[in-house]
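Residue numbers for the sequence shown follow numbering that gives the first Met the number 0, beginning at 0 and rising by one.
The beta-carbon is built from N, C-alpha and C at its ideal position, and this holds for glycine as well.
Values in this document were obtained by computation on a predicted structure and should not be read as measured data.
Shown next, in structure tokens, is the structure this report addresses.
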Amino acid sequence: MSVRQCVVSASSLLCCMLLFAGSIYGGAYQHSLQIDQVSFDWSVTGNTLAVRVAAPTTGWVGVGFNPSDMMKDANIIIGYVKDGKAEISDEFGARVTQHLPDDQSGGAFNVNLVGGSETGNSTTLEFTLPLNSGDARDRAIDPKAETRVMLAYGPPDRDSLKGKHSYARIVTINLDSGVMK
Ligand code: HEM
0 MSVRQCVVSA
10 SSLLCCMLLF
20 AGSIYGGAYQ
30 HSLQIDQVSF
40 DWSVTGNTLA
50 VRVAAPTTGW
60 VGVGFNPSDM
70 MKDANIIIGY
80 VKDGKAEISD
90 EFGARVTQHL
100 PDDQSGGAFN
110 VNLVGGSETG
120 NSTTLEFTLP
130 LNSGDARDRA
140 IDPKAETRVM
150 LAYGPPDRDS
160 LKGKHSYARI
170 VTINLDSGVM
180 K
């Protein structure tokens, strides 16, 4: 086999593996939960939490951590996919019914966008974030403790971060064990 054939074969194999796994991150998520119509997959590696979230909307999809009440004090990541390109924002629950971008409320953007896609009526986002960013607008996430995870998505009619959710739910998960209460 020539070097060129070898490179082509290796690339094809890698593409097939990624497609099969269905993930830009590599499919290597340690935990998966189906919560209503939202799939929430995640891995904890050192100080990094890697997340894949998929919801039945072509609008925005959001994940949040540890609100004190509804959306207040939560570390919220919200995003959408437009023309094949994902956009995400790292936000903070400024009030019970309001969230603001971290960098507009005394913090900084700490989330790393891995990728996103829109297929049919479904939007998938993948991102990583530090468990403890040290940011004024992020509460540390302890994977060994019970974490309140918020899952929400907006209506399908617009690619924007505005507009209230058509679905929002808070679940309690031990992120290390994957067990949901
Ligand atoms: C994008 C703009 C958003 C708006 C305008 C909005 C608005 C609101 C409002 C008005 C409430 C009060 C309860 C209600 O009226 O249903 C609420 C509650 C809530 N929101 Fe949002 N929200 C937004 C984004 C998000 C995101 C991104 C998340 C999570 C990732 C989220 C999670 C929640 C949760 C968990 C509740 C509490 C629901 C409950 O207690 O039943 N929201 N939101």
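Cβ neighbour criterion (16 or more within 10 Å) applied to residue i
{"i": "residue 45", "result": "exposed"}
{"i": "residue 131", "result": "exposed"}
{"i": "residue 120", "result": "exposed"}
{"i": "residue 52", "result": "buried"}
{"i": "residue 67", "result": "exposed"}
{"i": "residue 123", "result": "buried"}
{"i": "residue 136", "result": "buried"}
{"i": "residue 7", "result": "Confidence in residue 7 is poor, its pLDDT being 44 and thus under 50, which makes the residue's placement unreliable; the coordinate value appears in the next sentence. Residue 7 should be labelled exposed."}
{"i": "residue 134", "result": "buried"}
{"i": "residue 162", "result": "exposed"}
{"i": "residue 27", "result": "exposed"}
{"i": "residue 156", "result": "exposed"}
{"i": "residue 178", "result": "exposed"}
{"i": "residue 105", "result": "exposed"}
{"i": "residue 83", "result": "exposed"}
Residue i beta carbon near the ligand HEM (any heavy atom closer than 7 angstroms)
{"i": "residue 115", "result": "no"}
{"i": "residue 122", "result": "no"}
{"i": "residue 59", "result": "yes"}
{"i": "residue 56", "result": "no"}
{"i": "residue 71", "result": "no"}
{"i": "residue 179", "result": "no"}
{"i": "residue 160", "result": "yes"}
Sheet register partners of residue i (DSSP bridge)
{"i": "residue 49", "result": "42, 127"}
{"i": "residue 89", "result": "76"}
{"i": "residue 170", "result": "148"}
{"i": "residue 100", "result": "90"}
{"i": "residue 140", "result": "None, per the DSSP bridge assignment."}
{"i": "residue 60", "result": "78, 152"}
{"i": "residue 54", "result": "122"}
{"i": "residue 68", "result": "71"}
{"i": "residue 164", "result": "Answer by DSSP bridge pairing: none, since residue 164 is not bridged."}
{"i": "residue 116", "result": "123"}
{"i": "residue 37", "result": "34"}
Check whether residue i and residue j have beta carbons under 8 angstroms apart
{"i": "residue 76", "j": "residue 95", "result": "no"}
{"i": "residue 174", "j": "residue 41", "result": "yes"}
{"i": "residue 146", "j": "residue 64", "result": "yes"}
{"i": "residue 87", "j": "residue 126", "result": "yes"}
{"i": "residue 80", "j": "residue 116", "result": "yes"}
{"i": "residue 78", "j": "residue 50", "result": "no"}
C-beta neighbour in chain E for residue i, strict 8 angstroms
{"i": "residue 40", "result": "Looking at the structure shown, chain E is missing, and only one protein chain is on hand."}
Problem - Cβ contact (3+ pairs, closer than 8 angstroms) linking the region 111-119 and the region 138-157 - result: no
Problem - Any 3 or more C-beta pairs closer than 8 angstroms across the region 35-45 and the region 93-107 - result: no
Exercise for the section: May I ask you to verify whether the region 42-57 touches the region 147-160, counting CB pairs closer than 8 angstroms and requiring at least 3? Expected result: yes
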